[in-house]
Amino acid sequence: MSLWGGRFSQASDADLRALNDSIEFDHMLYAEDIEGSIVYARALADAGVITRAESESIIGGLRKVMREFDTDAFAFAEGDEDIHTAVERRLIEIIGDVGGKLHTGRSRNDQVATDFRLWSMRAADNLAGELRRLQAALVAVAEENCETVLPGFTHMQPAQPISAAHWLMSFFWMLERDLHRLRAARERMAECPLGSGALAGNPFPVDRQQIAADLGFERASENSLDAVSDRDFVADLLYVISLCAIHLSRLAEDILIYSNPAFGFITLDDRYSTGSSLMPQKRNADPMELMRGKTGRLIGNLTGFLTTLKGLPSGYNKDLQEDKEALIDSLETMYRLLPVITASVASLGINAEAMSAALSEDLLATDLADYLVKKGLPFRQAHHLVGAVVRIASEKGVNMSELSLDTLQGASSSFAEDVATVFDYRRSVEQRESFGGTAPAALRAQIERAKALLAR
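Here my numbering = 1-based position in the sequence shown + 355.
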């Protein structure tokens with residue numbers, strides 16, 4: 356059943372129908388479409404546009420259509436170009452011509468904008484739940500490794516000792532920022548376009564604020580022309596997903612590096628590793644490579660959709676049909692990735708001995724500079740002096756702790772017998788007790804704050 360054919364003397368070409376129809380992907384909006392229609396039928400009756408009996412008949416028919424979808428009994432017809440057409444066609448089949456009154460004052464423009472906002476709000480809630488589960492896994496593994504020391508890196512070069520918990524918790528806070536962005540995006544999308552018509556507003560006195568409240572929105576949209584074409588909420592979600600994926604890609608890269616036998620810091624569970632068809636010894640972290648790879652796809656969905664939006668004139672344009680495939684694909688990709696990433700983290704083997712074996716005294720150069728600062732030297736001077744000590748040790752082919760006190764005092768008279776206490780990796784970590792630091796005490800406090808967020 357076409358919703359618009361009266362103006363035309365010929366039916367649409369089959370190739371145009373194949374290009375134009377969206378039922379292939381917007382059928383998943385059936386619940387939101389029917390919920391919106393039920394609320395709109397009540398609003399029409401409240402406004403005196405249709406009778407209460409007609410409203411109840413329409414609502415009863417819509418509930419039957421919903422049951423057909425829920426039980427996979429709904430049969431699509433050849434003329435169903437989108438989910439709105441399919442639902443209305445079936446409604447009229449069930450209750451007769453009175454079903455045609457449902458669309459009074461309503462356009463598919465405000466209808467689809469409402470459906471997709473509702474669907475996206477629920478998707479945002481589902482995504483938030485998946486991210487919370489990953490955060491919980493990070494906290495659980497971190498809590499067991501507050502005192503496990505490994506080399507920390509900057510520029511992929513050894514930098515300072517940190518704890519394994521510190522490394523893991525850094526990703527917790529990345530995800531927490533993602534959740535803040537997700538919550539903000541959801542708040543912005545909670546604006547109801549229904550009742551905006553095609554662009555100019557509704558000529559019938561429907562209560563748009565009540566419609567918004569009945570559907571679970573926070574408010575009705577302010578401007579009908581803007582409402583039917585606003586897809587900021589799609590761009591918002593695509594951005595949140597893309598940046599979150601970038602954070603997860605960084606986690607995946609670390610896991611790939613640290614699980615390489617050359618490092619051996621961590622081991623992936625067999626359930627989340629793969630092998631080689633040729634090389635029997637191989638143990639590949641394929642889920643992490645897929646996380647990296649699919650991040651490019653997710654960023655592509657964002658940039659593609661932004662490019663679609665950038666030249667559109669005011670009002671609804673068919674270009675906006677591109678919103679659904681981009682967002683649906685991004686969300687489905689995340690829903691496939693996140694359970695595997697979460698399980699991989701939860702079952703991660705932390706190899707403390709390998710981490711300890713990778714520690715080198717170069718990592719303590721900053722501690723040695725701090726030692727001189729405590730002796731009264733300006734940090735910039737201490738930095739330069741320790742650089743010279745590092746060079747001397749390198750030239751001699753020994754560790755800094757193996758240099759004689761005379762050699763150290765040749766660099767600075769501030770060195771004394773107690774310099775030996777500097778060369779202790781655990782002490783180095785324990786000293787960094789400031790808020791957010793890598794010391795076990797600071798980390799336990801950090802983990803408690805994280806747990807409080809998870810408990811909200």
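Cβ atoms here follow ideal geometry from the backbone N, Cα and C, with glycine treated the same way.
Asked: Quick check: what's the CA-CA separation for E423 versus F380?; Found: 18 Å
Asked: Quick one: which unbroken alpha helix (DSSP H) runs of 4-plus residues sit fully inside the region 447–512? Chain order, please.; Found: 463–498
Asked: For S604, does the three-state DSSP call read helix, strand or coil?; Found: helix
Asked: Roughly how many whole angstroms lie between the Cα atoms of A491 and K806?; Found: 8 Å
Asked: Could you check what DSSP says for G742 in three-state terms: helix, strand or coil?; Found: helix
Asked: Can you give the Cα-Cα distance for A737 and Q512, rounded to whole angstroms?; Found: 21 Å
Asked: CA-CA distance, S789 and I601?; Found: 28 Å
Asked: Throw me the rounded Cβ distance for the L606 and F526 pair, which I believe falls under 8 Å.; Found: 5 Å
Asked: Hey, how far is the Cα of I596 from the Cα of I747?; Found: 49 Å
Asked: Buried or exposed: where does L760 fall if 16 or more other Cβ atoms within 10 Å of its Cβ makes it buried?; Found: exposed
Asked: Please go through the same chain and pick out, in chain order, the residues whose beta-carbon is closer than 8 Å to the beta-carbon of A797, but skip the five residues on each side of it.; Found: R787, E788, S789, F790, G791
Asked: Less than 7 Å between C-beta atoms, sequence neighbours within five positions excluded: which residues of the same chain meet that for S685?; Found: L593, I596, L653, N656
Asked: If you compare alpha carbons, which of C547, Y690, E448, E573 is closest to N481?; Found: Y690
Asked: Hey, could you find the ends of the alpha helix (DSSP H) P694 is sitting in?; Found: 677–701
Asked: Output the distance between the C-alpha atoms of S351 and I378, rounded to the nearest integer angstrom.; Found: Nothing in the structure corresponds to residue 351, since the chain is present only between 356 and 811.
Asked: Contact defined as beta carbons within less than 8 Å: I believe F660 pairs with A582. What is the distance between those atoms, to the nearest angstrom?; Found: Actually they do not touch by this definition, with Cβ atoms about 19 Å apart.
Asked: Write down the C-beta distance between F559 and R472 rounded to the nearest angstrom, noting that I regard them as a contact closer than 8 Å.; Found: Not a contact, Cβ separation roughly 22 Å.
Asked: Check the DSSP bridge columns for E546 and list the partner residues they point to.; Found: R574
Asked: Are there 16 or more other CB atoms within 10 angstroms of the CB of M421, so buried, or fewer, so exposed?; Found: buried
Asked: If we require 4 or more residues per run, which alpha helix (DSSP H) segments fall completely within the region 376–405?; Found: 378–381, 385–401
Asked: Where do the ends of the alpha helix (DSSP H) carrying V583 lie?; Found: 579–584
Asked: Can you check whether the CB of E677 is closer than 8 Å to the CB of T663?; Found: yes
Asked: Shortest alpha-carbon distance to S412 belongs to which of G451, A402, H439?; Found: G451
Asked: How is Q515 classed by DSSP in three states: helix, strand or coil?; Found: strand
Asked: How big is the Cα-Cα spacing for A810 and L489?; Found: 14 Å
Asked: State whether the region 437–455 contacts the region 394–401, with contact taken as three or more CB pairs (one from each stretch) at a distance under 8 Å.; Found: no
Asked: Please name the residue, chosen from S783, G484, L623, that lies closest to L537 on a Cα-to-Cα basis.; Found: G484
Asked: Distance, Cα to Cα, E498 vs L549?; Found: 48 Å
Asked: Classify P795: buried if its beta carbon has 16 or more other beta carbons within 10 angstroms, exposed otherwise.; Found: buried
Asked: Work out the CA separation of E577 and C547 for me, nearest whole Å.; Found: 9 Å
Asked: For a test of the three-state rule: what should DSSP assign to T622, helix, strand or coil?; Found: strand
Asked: Apart from the five residues on each side of it in sequence, which residues of its chain come closer than 8 Å, Cβ to Cβ, to T503?; Found: S518, A519, A520, I705, A707, M710
Asked: Helix or strand or just coil, what does DSSP make of W359?; Found: Legend: pLDDT at W359 = 42, less than 50; position of this residue unreliable, no value from coordinates given.
Asked: Note down the Cα distance separating R853 from S756, rounded to an integer number of angstroms.; Found: Look at the range of the chain in this structure, 356 to 811, and you will see that residue 853 is not part of it.
Asked: For R574, is the classification buried or exposed, using 16 other Cβ atoms within 10 angstroms of its Cβ as the cut-off for buried?; Found: exposed
Asked: Starting from Y726 and walking both ways along the alpha helix (DSSP H), at which residues does that stretch end?; Found: 720–729
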